[in-house]
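**Student:**
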Amino acid sequence: MGAFANILWTVSQLITVNYLFTKIPSFQGWSLADLILLLSFGQVYVYVSAMIFDLNLNKLPDKIISGAFDRMLTKPINILFLSSFEQLSIATLIPMITTVTPLMLYGMINRSSFQLLDLFFATITLILGIITLYFLSLAISGLTFFFEDIQSIKEYVVMRTIDLARIPLSIFPQLIQSVLTFIIPIAFIAYYPAQIIRHQTDLFFIFFIQAFLLVIFYLTAQIIWKAGLKKYSGIG
Amino acid sequence: MDPIITVGHLSRSFRSYKKEPGVLGSLRSLYHRDFFDVHAVKDISFTINPGEAIGFIGPNGAGKTTTLKMLSGLLYPSAGQVSVLGYEPFQRKPEYLKKYALIMGQKSQLWWDLPPLEGFILNKEIYQVSDTSFNANIRYLADLLDVTSVLKIPVRKLSLGQRMKCELIAALIHNPQILFLDEPTIGLDVVVQKKIRAFLKTHNQEKKTTIILTSHNMDDVQEICKRIIIINHGSLIYDGPLADLTKQYAKNKVLKLIFNQPVTKTKLKKYGAITHFEVGGLSATISVPRVKHTTIAGDILRDFSVDDLDIAETSLEDIIREIFETSLQPKP
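Chains as they are written, first to last, in the working numbering: chain A, 1 to 236; chain B, 237 to 568.
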C-alpha cells in the first residue's frame, strides 16, 4: 500500500507542475523538463533512504530508550552498520522503477545538450549526497543517547526539509541556500545533480564541497555515537 | 585455575530526574529538572572460574542486570575494572562478542517476524559458524529442548515457552564459553521452567560453559548453581557456596509435625514460631532456633503424641528474604 501511495504522490506532483507550466513559460529559468528532473532526483533520495536506512534509523531512538538496543550491542558486527542496515524495505523499488525512472529519463533525454557523462557525474553527486545525509541522520539518531525525544527533531531537520529539495535552490535567499548546502545538505540530492545535467554548475566545486561535508558529517556521527555508547544505560 | 572473569571495585551510576505530575510539572521540567544520581552498582569485586555456574541474587533494582550488562560490554562502568576472558568487555571486540551469549527473559534476541530457523541462520553468518557445527548444534539443541516442530513458524506466533527455548538455541549456536542469563524462566509455566533448568544444568556439566544467572526464582538457582553472589542496593553482601549460605544465615530450622491426637496452638507456642497450623490440630510447622532444634524436638516428642516429625532447613527463599529484610551490611 505504501508503494502505491508513493506512486500517487509522485503523479499528483507531476500534475501540479504540468498545470503550472500551462500558465507560465518557465520558473525562474527552469523549464518543465528541468523541474521534473529535480523532482525525480529528490524522489530517488526518498526511495533509496527508505529502502536502506530510514526505517532502521527511525526505529533506533525507541530501541535505545526501551533497551531493545541491547540485542544489537551483543552481536559481533559494527554497531553503526547493524543499527543502520538491519532491515531493508525492498517494496520501495516498485515506485522507484515505475515512476521515478521514466520521469528521470524524460527530464534528461528531452534536452539537446544531454551527455551520458553528465548522468555519471550527477549520479556520483547524488550518491555522495545520500551518504552525507545518511551520516547526518545517524548523528541525529545518536543524540538519543543524550536527549530522549530526538525523533521529532530528526523529522523536522531531515524529513520535512527534504520537501525543499524539489524546489530550485536559486529561488531562496542566500542564507537559506547556505543552510541547505552546508548545514542540512539536501541541495546535493536534487538541485546539484539537476544542475549538472543542465550544465549550470562547476563540477570541481561541488565535489570538493561534498568531500568536505562527507568527512565532517562522518566524523560528527562517529563522535556522537562513541560518546553516546559510553552513556548508554538501557533499562531493565 | 585462572579466573575467567575478574571484577574489581566495579561501580555504575545513572543520572535521572524527578518530574512533578500534571501540566504545570511538565512546563516546569522544561526549564528546571531535579537531577539525581542512581548508584546501581557500588564497588563490587569478585572472580569467576571457568565452568562455574553462579547465581546472581538480589531484589528488583539491586544491580544484578546492570552488573551483567557491564560484564557483557553493554554498559560502560563508572569506575573499577572488568576483565572477561582477558578482554575489557566495553571495547566490544568481535572476538570477545563471539565468546559469550546473553539471554534476557524479558527481551527477545530473535527477529520477531522471522521463523527461529532463519534467525539461527542469521546468527550462524554473524558468528561465522561452520555448516557442520551449525547443523550438529541445531539438531542437538532442538531435540534436547523439544522444539524441532516449531523452527519454521514465525517467532511472534510462538508461545512464551517455545520462544524461550528458541532463544536458548540462538544463544548457543556459536558454542559460547560464557552464558549470561537474566531471568531466563520469567513468565514460564513450571513444566517449561523445569525443562530449561535441566537443560542448562546438563549444558554446564557437559560443555563446561560458564553460567552466570540472575533470577528471582530460587528453584533456578538451587538446581543450576553451586555458588551464589547476593547483592542489595548495588553492594555485594554474600559471595560463596550455596550450601554455606544456609549455615551462615539460616538461624532457624523447621519442625514439621503430625500428631495422632489434636493439639492446641496455645500449647505449641512456647516451642517456637508457628508458621503453619492445621485446623483440627493434627499438623503444624514450627520454626525453632537452629542451635536448640534437637532439644526442642525432644521436648515436643515427650510432651505430645507425635506420629511423624520432619526436621528441615529453612527454604532458600526465606533465607534470602531475611537477608534482604535485615539489610545486611556489605562485606568489608
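From the three backbone atoms N, C-alpha and C, an ideal C-beta is built for every residue, glycine too.
Can you tell me which of B:I357, B:K255, B:A434 and B:G297 puts its alpha carbon nearest to the alpha carbon of K388 (chain B)?
**Tutor:** In the second sequence, the residue the question calls residue 388 (chain B) occupies position 152. Per the Cα distances, B:I357.
**Student:** Whole angstroms are fine: how far does the CA of V215 (chain A) sit from the CA of A139 (chain A)?
**Tutor:** One-based indexing of the first sequence puts residue 139 (chain A) at position 139. One-based indexing of the first sequence puts residue 215 (chain A) at position 215. Roughly 13 angstroms separates the two Cα atoms.
**Student:** Check distances from the C-beta atoms of the segment 59-74 of chain A to those of chain D and list, in chain order, the residues that come in under 8 angstroms.
**Tutor:** Any reference to chain D falls outside this structure, whose protein chains are A and B.
**Student:** Where does D163 (chain A) sit, in a helix, a strand or coil, going by DSSP?
**Tutor:** Here residue 163 (chain A) refers to the residue found at position 163 when the first sequence is read from its first residue. Note: D163 (chain A) maps to helix in three-state DSSP.
**Student:** Would you say S152 (chain A) faces chain B, with C-beta separation under 8 angstroms as the test?
**Tutor:** Here residue 152 (chain A) corresponds to residue number 152 of the first sequence, with the count starting at 1. No, because no Cβ of chain B sits closer than 8 angstroms to the Cβ of S152 (chain A).
**Student:** Just the Cα atoms here: how many angstroms apart are N411 (chain B) and Y312 (chain B)?
**Tutor:** Translated into the one-based positions of the second sequence, residue 411 (chain B) becomes position 175. Translated into the one-based positions of the second sequence, residue 312 (chain B) becomes position 76. Taking the straight line joining both Cα atoms gives about 25 angstroms.
**Student:** Is there a Cβ of chain A sitting closer than 8 angstroms to that of Q327 (chain B), yes or no?
**Tutor:** Along the second sequence, read from residue 1 onward, the residue named residue 327 (chain B) stands at position 91. Taking Cβ atoms only, chain A never reaches closer than 8 angstroms to Q327 (chain B), which makes this a no.
**Student:** At a CB-CB cut-off below 9 angstroms, which residues of chain A make contact with S308 (chain B)?
**Tutor:** On the second sequence, position 72 is the one that residue 308 (chain B) refers to. D70, L73 and T74, listed in chain order.
**Student:** Work out the CA separation of D539 (chain B) and T502 (chain B) for me, nearest whole Å.
**Tutor:** Locating residue 502 (chain B) in the second sequence gives position 266, counting from the first residue. Locating residue 539 (chain B) in the second sequence gives position 303, counting from the first residue. The C-alpha of D539 (chain B) is placed about 14 angstroms away from the C-alpha of T502 (chain B).
**Student:** Rounded to whole angstroms, how far is the Cβ of L394 (chain B) from the Cβ of C402 (chain B), which I believe are closer than 8 angstroms?
**Tutor:** In the second sequence, residue 394 (chain B) corresponds to position 158, counting from 1. In the second sequence, residue 402 (chain B) corresponds to position 166, counting from 1. For L394 (chain B) against C402 (chain B), the beta-carbon gap comes to about 7 angstroms, under 8 angstroms, which counts as contact.
**Student:** Would you grab the beta carbon distance between A315 (chain B) and S247 (chain B) for me? Rounded to a whole angstrom, and I think it's under 8 angstroms.
**Tutor:** Numbered from 1 along the second sequence, position 79 holds the residue referred to as residue 315 (chain B). Numbered from 1 along the second sequence, position 11 holds the residue referred to as residue 247 (chain B). Their Cβ separation, rounded to whole angstroms, is 4 angstroms, which keeps A315 (chain B) and S247 (chain B) in contact under 8 angstroms.
**Student:** Express the C-alpha separation of K444 (chain B) and A407 (chain B) in angstroms, rounding to a whole number.
**Tutor:** Working through the second sequence from its first residue, we reach residue 407 (chain B) at position 171. Working through the second sequence from its first residue, we reach residue 444 (chain B) at position 208. Cα-Cα distance, rounded: 15 angstroms.
**Student:** What does K343 (chain B) reach in chain A if we use C-beta pairs closer than 8 angstroms?
**Tutor:** The residue you call residue 343 (chain B) lines up with position 107 of the second sequence. Neighbours of K343 (chain B) on chain A, chain order: G67, A68, D70, R71 and G236.
**Student:** Is there at least one Cβ from chain A nearer than 8 angstroms to Y312 (chain B)'s Cβ?
**Tutor:** As a working mapping, residue 312 (chain B) is identified with position 76 in the second sequence. Yes, its Cβ sits closer than 8 angstroms to a Cβ of chain A.
**Student:** Taking one C-beta from the segment 153-162 of chain A and one from the segment 6-22 of chain A each time, how about it: are there three or more such pairs within less than 8 angstroms?
**Tutor:** no
**Student:** Report buried or exposed for T92 (chain A), applying the criterion of at least 16 other Cβ atoms within 10 angstroms of its Cβ.
**Tutor:** On the first sequence, position 92 is the one that residue 92 (chain A) refers to. Buried, because 16 or more other Cβ atoms sit within 10 Å of the Cβ of T92 (chain A).
**Student:** Assign S451 (chain B) to one of two classes, buried (16 or more other C-beta atoms within 10 Å of its C-beta) or exposed (fewer than that).
**Tutor:** Walking along the second sequence from the start, residue 451 (chain B) turns up at place 215. So S451 (chain B) counts as buried.
**Student:** Measuring only the C-alpha atoms, how far is F172 (chain A) from F182 (chain A)?
**Tutor:** As a working note, residue 172 (chain A) is residue 172 in the first sequence. As a working note, residue 182 (chain A) is residue 182 in the first sequence. Approximately 14 angstroms between the Cα atoms of the pair.
**Student:** For L333 (chain B), go through chain A and note every residue whose CB falls closer than 8 angstroms to its CB, in chain order.
**Tutor:** The residue given as residue 333 (chain B) occupies position 97 in the second sequence. Simply T74, K75 and P76.
**Student:** Going by Cα to Cα distance, which pick from A:D70, A:S31, A:P102 and A:F53 is closest to L229 (chain A)?
**Tutor:** Counted from its first residue, the first sequence places residue 229 (chain A) at position 229. Residue A:D70 is the option with its Cα nearest to L229 (chain A).
**Student:** Please report how far the alpha carbon of S541 (chain B) lies from the alpha carbon of L449 (chain B), in whole angstroms.
**Tutor:** Here residue 541 (chain B) corresponds to residue number 305 of the second sequence, with the count starting at 1. Here residue 449 (chain B) corresponds to residue number 213 of the second sequence, with the count starting at 1. S541 (chain B) and L449 (chain B): Cα-Cα distance of roughly 46 angstroms.
**Student:** Flag this pair as yes or no: are the beta carbons of F85 (chain A) and I52 (chain A) separated by less than 8 angstroms?
**Tutor:** The count along the first sequence starts at 1 and reaches residue 85 (chain A) at position 85. The count along the first sequence starts at 1 and reaches residue 52 (chain A) at position 52. Closer than 8 angstroms, so yes.
**Student:** With distances taken from CA atoms, which of A:I196, A:N78 and A:D118 is nearest K226 (chain A)?
**Tutor:** Residue numbering aside, residue 226 (chain A) sits at position 226 when the first sequence is read from its first letter. Nearest option by C-alpha distance: A:N78.
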